[in-house]
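Heads up: take any position in the sequence shown, counting from 1, add 3, and you land on this note's numbering. These notes concern the structure reproduced below.
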Amino acid sequence: DHVVVLGFAFFGEITMHPYISEQVHPRIITMQAMLRKIDCLRLTLASHRDVESILVHQVGKEIDRALPWQAGHGLRTAAISLLIGQVVGLAPNELHNLKLAALLHDIGLLMLPHELTLEMNRLDPDSYVTVQNHPRLGASILEPFFFLRDATVLIAHHHERWDGSGYPYGIRGQFIPLGSRILSIADAFDAIRIPEVSNPVARNKIALRIIRVAAGTQFDPELVETLCLFQESIPGSDLIEPKMRKCFDLL
């Protein structure tokens, strides 16, 4: 049997790039085996999407186990992404691909050296440059799976910036895929840490102010305003508000 890594089929020894861990994280092999199951199925479109969602949710749980310090980040990012996506009128298939991308967007972190997957709070310059490769690595891991072809593009560009100073490719503005621009905002919104604020609603308001400051430089300003207009629908605690339940129903 062979293992698909970084978008290529390798037999035996795997050739590594300098920024990739010398040992493939064992969960990567498990996740790829789970995702390959979809290729054997012959289902209707609706059933296929249901199975895709189930499998990707399972893979998302594997990512949480491998990165326990950010457990639940994929699910929360997916909920915020779907909220924005619904408001801007994405089609059902676009929302589906956005959901898959959000749940899997950090899978590339598992291809980094182990010490860089333990925590992301304090990184020296060299380590930060290495971490910047994770969108490209994540896309490469998922590229062999046909049903993830659109989600893979969104993952590859989810750290691009509106002003073109992002990574890994440095594209800007409208050239960044819409789904990636949405994912970028949702990812950052959930990742913001405000330890001194214990109230979730207050935390969300502060995080939203931080996101708004970066509108027009890091983030698509129109999408930021969309999130601000619907800030009451953002989950403020473990008990999800009724408006937000629709987004979680799509997950």
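C-beta: ideal position from N, C-alpha, C; glycine also.
Just the C-alpha distance for residue i and residue j, rounded to the nearest angstrom, thanks.
i	j	result
residue 232	residue 99	23 Å
residue 203	residue 237	10 Å
residue 234	residue 143	34 Å
residue 131	residue 140	15 Å
residue 161	residue 105	9 Å
residue 58	residue 159	20 Å
residue 165	residue 101	19 Å
residue 226	residue 183	11 Å
residue 197	residue 45	47 Å
residue 216	residue 97	28 Å
residue 53	residue 60	11 Å
residue 120	residue 70	7 Å
residue 39	residue 219	39 Å
For a test of the three-state rule: what should DSSP assign to residue i, helix, strand or coil?
i	result
residue 233	coil
residue 159	helix
residue 217	coil
residue 222	strand
residue 203	helix
residue 174	coil
residue 47	coil
residue 77	helix
residue 135	coil
Under a Cβ-count criterion, where at least 16 other Cβ atoms within 10 Å of its own Cβ denotes burial, should residue i be classed as buried or exposed?
i	result
residue 205	exposed
residue 77	buried
residue 91	exposed
residue 72	exposed
residue 257	For residue 257 there is no data in the structure shown, the boundaries of the chain being 4 and 254.
residue 117	exposed
residue 115	buried
residue 201	exposed
Q.
With a threshold of 8 Å, are at least 3 pairs of Cβ atoms found where one atom belongs to the region 77-86 and the other to the region 189-204?
A. yes
Q) Is the region 104-119 touching the region 53-67, taking contact as three or more C-beta pairs under 8 Å? A) yes
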